[in-house]
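So the protein lines, in turn, are chains A and B. Using the working numbering, read the first sequence as starting at 1 and increasing by one per residue. Using the working numbering, read the second sequence as starting at 1 and increasing by one per residue. Below is one structure, written out as structure tokens; the observations come after it.
2 protein chains.
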Amino acid sequence: MAKRWSTPAAESLRVGPGFDFAAFDTAATPGWEGSRKKAESLTAENGEEMSELQERLYAHGRTGGTRSVLLVLQGMDTSGKGGIVRHVMGMVDPQGVQLKSFGKPTPEELSHHYLWRIRNALPVPGRIGVFDRSHYEDVLVVRVNELVPPDVWEPRYEEINAFERELVDAGTVVIKAAMLISKDEQAARLRERLERPDKHWKYNPGDIDEREKWDAYQEAYQAVFDRTSTEHAPWYAIPADNKWFARLAVAELVLESLEGLDLDWPAADFDPAAELARLERS
Amino acid sequence: MAKRWSTPAAESLRVGPGFDFAAFDTAATPGWEGSRKKAESLTAENGEEMSELQERLYAHGRTGGTRSVLLVLQGMDTSGKGGIVRHVMGMVDPQGVQLKSFGKPTPEELSHHYLWRIRNALPVPGRIGVFDRSHYEDVLVVRVNELVPPDVWEPRYEEINAFERELVDAGTVVIKAAMLISKDEQAARLRERLERPDKHWKYNPGDIDEREKWDAYQEAYQAVFDRTSTEHAPWYAIPADNKWFARLAVAELVLESLEGLDLDWPAADFDPAAELARLERS
């Protein structure tokens with residue numbers, strides 16, 4: 001596989017101590033030395049490897065294994081979360097992917113603890129779960145819009161860390177990808193949705209209300225990075241102004257996680273020779 | 001689009017009155033005059049068209065529309081249901097596909113009416129639902145294995161017709177694809193699962209128990225075709241010994257259904273010019 005990473009994605013994109021979101025370049029391609037064309041062809045190659053490893057993970061889940069993967073996608077409107085689902089996770093057998101999109105909570109969801117709907121959507125063993133938005137909304141949109149008072153959202157960071165610790169201990173690899181675009185790039189993408197009738201359905205006037213709180217969101221994201229990029233479930237900051245780079249980066253992170261599971265094909269719990277003999281008689 | 005169908009798939013594969021399953025050629029390619037290579041390239045082209053139309057369907061669902069599609073896949077073990085999900089539905093944005101695989105009912109499912117778990121898994125408006133096995137198990141495996149007495153399964157055919165009528169009236173296009181292989185082809189595929197360690201996990205000794213009831217299954221499928229291939233929800237008999245043909249055939253059926261919905265992009269429920277002005281100020 002022709003790699004053009006000078007530094008593995010998991011290393012170059014990882015949010016560590018001292019990460020400064022205000023100084024982050026959303027148009028950069030950290031760790032990647034190749035062209036856009038090379039990136040696209042590596043993304044496709046990664047897709048084939050992901051497919052093969054996903055099938056092993058699935059087989060493992062079907063035979064009593066406990067491992068799973070959870071990809072958490074967060075980002076402002078138009079940051080490309082849906083594109084990751086379509087173009088990256090779309091390369092993998094749909095039977096192996098468990099996708100959940102979190103919108104405004106329903107009355108039923110609001111009547112429960114905020115992690116209730118999250119727990120209900122966790123990937124079963126053998127699957128790659130994908131969250132389009134997640135429990136982080138409960139310290140992002142909720143904090144920015146003051147939907148609950150600070151003494152309610154404040155303890156959530158620690159609670160989320162403990163929750164994710166629990167997931168990891170149970171066998172789930174948690175990949176948290178923050179899709180980060182500049183305010184100008186968001187304007188360009190919203191403009192496109194407004195100018196093209198075939199994109200109107202993707203536009204919501206509320207998108208501009210949220211855009212007007214850009215600085216408050218930057219601050220809320222900084223708090224998320226500072227307080228929830230843990231050893232067991234680190235954040236990856238994905239510069240997403242270039243869709244091709246964001247897709248390559250997420251494909252790399254998912255592939256590296258699958259490789260890290262180091263799964264073999266499960267051993268048969270039956271006698272293949274005896275079954276072959278039964279088959280020939282049937 | 002270079003077509004090589006002498007007769008549209010929906011016509012050449014449709015199960016009509018007098019359909020005789022015992023005389024059905026599972027290695028045929030009814031209506032298709034092209035090569036395997038042409039079939040594979042047309043399947044890929046269909047994937048692109050399905051993708052475009054699926055996005056319209058999704059947009060329609062997001063803006064108050066009621067239409068959806070439900071693809072029901074039935075067939076004996078190894079008939080290629082999973083391959084259809086992977087290779088045909090895998091060509092479409094995973095966000096637009098709602099996949100459900102029905103196994104042996106859980107105790108909770110058994111405590112409800114047999115259609116309960118089916119109703120819970122129906123596609124929401126705007127989605128393409130895919131059932132890997134379905135309510136037809138309740139007149140196939142249940143009938144063959146006498147899991148309930150005849151006076152319980154006997155009324156189910158009419159009940160299923162009424163249920164599907166209800167779905168169609170609510171806006172769902174129901175495509176029922178029976179993946180049909182010969183007994184010899186099943187032996188070859190089971191043999192491969194037994195001979196290749198990377199396929200062992202797909203094998204279950206119970207597969208041979210079911211295989212030994214081949215004739216009873218043929219009879220149960222014939223009853224399904226005779227009694228539930230209705231005007232509103234016809235069956236399509238897919239000769240599935242050739243995987244490439246089965247995939248092309250199902251891709252064609254799904255594409256034709258999407259085309260039949262004749263959906264435009266939804267109109268904006270906001271004023272694009274006013275929103276563009278708001279955007280420029282933001």
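The C-beta atom is built at its ideal place from N, Cα and C for all residues, glycine as well.
CA-to-CA distance, residue j to residue i, given in whole angstroms
i      : j      : result
B/P234 : B/T78  : 23 Å
A/S110 : A/E210 : Checking the displayed sequence, the identity of residue 110 of chain A turns out to be Leu instead of Ser. Answer to the nearest angstrom: the Cα atoms are 21 Å apart.
B/E219 : A/L258 : 44 Å
B/V310 : B/V69  : One cannot answer for residue 310 of chain B here, as it falls past the ends of chain B, which runs 1 to 282.
B/K213 : A/W5   : 56 Å
B/G47  : B/Q54  : 10 Å
B/K104 : B/D207 : 13 Å
A/S282 : B/P149 : 27 Å
B/D269 : B/E49  : 27 Å
B/R278 : A/K183 : 15 Å
Interface flag, residue i vs chain B, CB-CB below 7 Å
i      : result
A/R189 : no
A/R127 : no
A/R304 : With chain A running from 1 to 282 in the structure shown, residue 304 of chain A is simply not present.
A/V141 : no
A/I208 : yes
A/T63  : yes
A/P205 : yes
A/F102 : no
A/P155 : no
A/D93  : yes
A/V15  : no
A/A2   : Model confidence at A/A2 stands at a pLDDT of 49, short of 50, so the residue's coordinates are unreliable and nothing is read from them.
A/E275 : yes
A/L110 : no
A/W265 : yes
A/E212 : yes
Beta-carbon gap between residue i and residue j smaller than 7 Å
i      : j      : result
A/T29  : A/I181 : no
A/Q74  : A/Y136 : yes
A/Y58  : A/G90  : no
B/D226 : A/W265 : no
B/T106 : B/G171 : no
B/L71  : B/V124 : no
A/A177 : A/V250 : yes
B/W244 : B/A10  : no
B/R247 : B/V88  : yes
A/Q98  : A/R127 : yes
B/Y217 : B/F21  : no
B/S101 : B/D138 : no
B/L263 : B/R62  : no
A/S51  : A/V92  : yes
B/V168 : B/H112 : no
B/T228 : B/I160 : yes
B/P94  : A/V85  : yes
Enclosing alpha helix (DSSP H) for residue i [first to last residue]
i      : result
B/G47  : R36 to R62
A/P150 : P150 to W153
A/F245 : K243 to L261
A/S12  : A9 to S12
B/K81  : K81 to H87
B/L73  : Taken as a continuous stretch (DSSP letters only), B/L73 belongs to no alpha helix (DSSP H), being part of the beta strand (DSSP E) at S68 to G75.
A/V141 : V141 to V144
B/G206 : G206 to R211
B/L110 : P107 to L110
Of the listed residues the options, nearest to residue i (C-alpha basis)
i      : options                           : result
A/I175 : A/A188, A/R117, A/V254 and A/D151 : A/V254
B/E275 : A/M76, A/E252, A/R36 and A/R193   : A/R193
B/Y114 : B/Q98, B/V141, B/P125 and B/G129  : B/V141
A/R191 : B/S51, B/D93, B/L42 and B/P272    : B/P272
B/A187 : B/G34, B/M76 and B/I128           : B/M76
A/A288 : A/G80, A/V85 and A/V92            : This structure gives no information on residue 288 of chain A, because the portion of chain A shown stretches from 1 to 282.
A/T43  : A/L122, A/E256, A/R14 and A/A267  : A/E256
A/E280 : B/R62, B/A268, B/L279 and B/E185  : B/E185
B/A267 : A/K202, A/Y236, A/D262 and A/I238 : A/K202
B/L24  : B/D169, B/D151, B/R119 and B/Y236 : In the sequence under discussion, the amino acid at residue 24 of chain B is Phe, which differs from the Leu named in the question. Looking at the Cα atoms, B/Y236 is the closest of the given residues.
A/S134 : A/A162, A/P155 and A/R119         : A/R119
Terminal residues of the beta strand (DSSP E) in which residue i lies
i      : result
B/W214 : Here B/W214 belongs to no beta strand (DSSP E); instead the alpha helix (DSSP H) covers W214 to T228.
A/A178 : T172 to L180
A/W235 : W235 to P239
A/V130 : I128 to D132
A/K100 : V97 to S101
Residue i at chain A interface by Cβ criterion, 7 Å
i      : result
B/F270 : yes
B/W201 : yes
B/A251 : no
B/V97  : yes
B/P197 : yes
Check: residue i C-beta below 6 Å from any heavy atom of the ligand FMN
i     : result
B/T43 : The ligand FMN is not among the ligands present in this structure, which contains no ligands whatsoever.
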